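Input: a single structure, listed below in structure tokens.
In our numbering, the protein residues as written are 286 to 429.
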């Protein structure tokens with residue numbers, strides 16, 4: 286079994302696909318939030334559109350909530366399906382020695398891992414957002 290075989294496990298693949306879907310949904314939410322803010326800015330002060338503003342503001346608030354929460358769920362999903370590496374020793378006691386893990390390391394290690402996954406999730410969301418903006422720009426230029 287290779288050292289990276291845990292990366293190809295079906296559970297790990299599903300968790301990465303779920304995280305990517307959540308990142309894409311977050312990027313779409315950010316794009317819809319920007320569109321809602323632009324619509325509010327364009328229609329503010331126009332009496333014929335005054336009745337639509339509360340509905341657009343409520344939709345923008347929902348998109349904002351999704352844009353904020355989904356990267357956190359994507360970071361959580363990135364941790365699913367990850368197996369901790371185990372060392373099995375057949376025979377006498379292993380001669381390897383490891384430094385004792387302090388109490389602070391025991392609780393900070395999962396927090397640091399989650400923060401790293403959150404950073405990856407935010408970067409993935411920004412990457413998807415950039416892709417959506419580029420696709421929109423190209424479609425606008427081709428007049429589709």
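Heads up, the beta-carbon is just placed ideally off N, CA and C, and yes, glycines get one too.
Being a predicted model, the structure only gives us computed values, none of them experimental.
query = Where residue 305 and residue 416 are concerned, what is the direct C-alpha to C-alpha distance, given to the nearest angstrom?
reply = By 1-based counting over the chain shown, the position of residue 305 is 20. By 1-based counting over the chain shown, the position of residue 416 is 131. Roughly 14 Å separates the two Cα atoms.
request  = Report yes if the C-beta distance between residue 406 and residue 359 is below 9 Å; otherwise report no.
outcome  = Position 121 of the chain shown, counting from 1, holds the residue named residue 406. Position 74 of the chain shown, counting from 1, holds the residue named residue 359. Closer than 9 Å, so yes.
ask   = How big is the Cα-Cα spacing for residue 428 and residue 367?
value = Counted from its first residue, the chain shown places residue 428 at position 143. Counted from its first residue, the chain shown places residue 367 at position 82. Answer to the nearest angstrom: the Cα atoms are 45 Å apart.
task = At 3 residues or longer, and completely inside the region 337-374: list those beta strand (DSSP E) runs for me, N to C.
result = none
request  = Hey, could you find the ends of the alpha helix (DSSP H) residue 304 is sitting in?
outcome  = Here residue 304 refers to the residue found at position 19 of the chain shown. Segment 295-328, the alpha helix (DSSP H) holding residue 304.
inquiry  = Rounding to the nearest angstrom, what Cα-Cα distance links residue 316 and residue 388 in this structure?
reply    = Counted from its first residue, the chain shown places residue 316 at position 31. Counted from its first residue, the chain shown places residue 388 at position 103. Whole-angstrom Cα-Cα distance: 43 Å.
ask   = Given residue 413, which residues of its chain have a CB within under 6 Å of its CB, disregarding the five upstream and five downstream residues?
value = For this step, residue 413 is matched to residue 128 along the chain shown. Closer than 6 Å at Cβ, skipping near neighbours: 308, 309 and 312.
query = Measuring CB to CB, does residue 300 end up less than 9 Å from residue 355?
reply = Within the chain shown, the letter at position 15 stands for residue 300. Within the chain shown, the letter at position 70 stands for residue 355. Result no, Cβ atoms of residue 300 and residue 355 do not sit closer than 9 Å.
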